[in-house]
Structure formats: structure tokens, C-alpha cells
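Below: the structure, in C-alpha cells.
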Amino acid sequence: MVSKVSENLMLSNYQATTKKTGSNILGKDDFLKILITQLQNQDPTSPMQDREFIAQMASFSSLEQMTNMNQTMQQFLTFQTEASLLQQSQMIGKQVTYESETVDEEGEKVLEEKEGTVKAVLFEKGSVMLEMSDGSKITSFQVIKITDPAK
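With this note's numbering, letter number 107 in the sequence shown gets 107, and the count goes up by one each step, no holes.
The structure is reproduced here in C-alpha cells:
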């Protein structure tokens with residue numbers, strides 16, 4: 001006699017619990033753990049081939065180098081931003097002519113030249129901004145002329 005399979009055991013009715021913490025990205029530590037586990041659990045009568053092991057070690061080495069490169073690039077970008085902020089601080093008190101985008105009567109975007117004095121330099125939304133004496137904020141890319149009002 002054949003017994004009926006319980007519906008509770010069917011895959012379609014199975015609700016897996018998911019892990020809510022951690023990352024879904026494998027890092028170099030995870031890769032190394034997988035490699036060690038693989039080596040510990042390999043069949044002694046048929047060990048991992050040298051080519052496979054070398055390929056996995058090369059992958060691990062590449063992953064480690066990419067991680068190190070990413071950290072170095074992040075440090076470089078932070079340094080560049082700090083250097084730019086310090087460099088732009090020399091513009092405080094300078095008279096600048098800059099291009100500002102406005103909309104004319106027909107609704108067309110037009111570049112207009114404006115002048116103002118730089119009051120402050122600040123870091124906002126990931127970039128260095130120049131705050132003008134009228135309170136407006138511009139980027140250094142908008143500046144087309146710098147003059148020293150003291151001279």
C-alpha cells in the first residue's frame with residue numbers, strides 16, 4: 001500500500017527563514033573560509049587537482065588585490081576632496097565672474113554672466129561649493145574670472 005505524502009513536506013509549502021543580517025557580498029574572508037572548508041572535506045582518494053587549487057588561489061589573490069585597490073582609491077578620493085577644499089579657500093574675499101543658468105521669457109535655458117564676492121567655501125553634497133556674498137552657491141567650474149578687489 002502506498003501512503004500519501006504529507007503536504008507539509010512539499011517544497012512549494014516550505015517557507016524558508018531568511019537571514020536578516022550580514023552582507024550578500026562575498027569578501028576575502030568568506031572566500032578563504034570556503035577554500036579551507038573545501039580542503040578539509042575533500043575526498044582523500046581523489047584530492048583536489050593542482051590546477052583547481054592554483055586557480056582558486058589566483059581568484060583569492062585577485063579578490064584581495066581588488067579590495068586593497070578599492071580601499072586605496074577611497075583614501076585617495078578623500079584626500080583629493082580635502083585638498084580641493086583647502087585650495088578653494090584661497091578664493092574667499094575674491095571677486096569672481098561666473099556663469100549662471102537662467103530661463104528666459106521663451107522658457108529657454110540661457111547662460112548669464114554674474115559677478116560676486118566669495119564669502120565662504122564649503123563641502124556640500126559630495127562637492128566643494130563657493131558661497132557668494134548674496135547667499136547663492138556655485139561650483140568652481142562655473143567661475144570664468146577671478147580678481148582681487150584689494151589690488
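Glycine included, every Cβ here is placed at the ideal spot set by N, Cα and C.
If one requires a minimum length of 3 residues, the beta strand (DSSP E) runs lying completely within the region 39-117 are 95-103, in chain order. For residue 97 and residue 78, the gap between their C-alpha atoms comes out near 29 Å.
Distance from the CA atom of residue 103 to the CA atom of residue 114, rounded to whole angstroms, is 14 Å.
In this structure, the alpha-carbon of residue 106 lies about 51 Å from that of residue 66. Taking every protein chain shown into account, the CB of residue 130 has 16 or more other CB atoms within 10 angstroms, so this residue is buried. Taking C-beta atoms under 8 Å as the contact rule, residue 135 and residue 117 fail to qualify, at a distance of about 12 Å.
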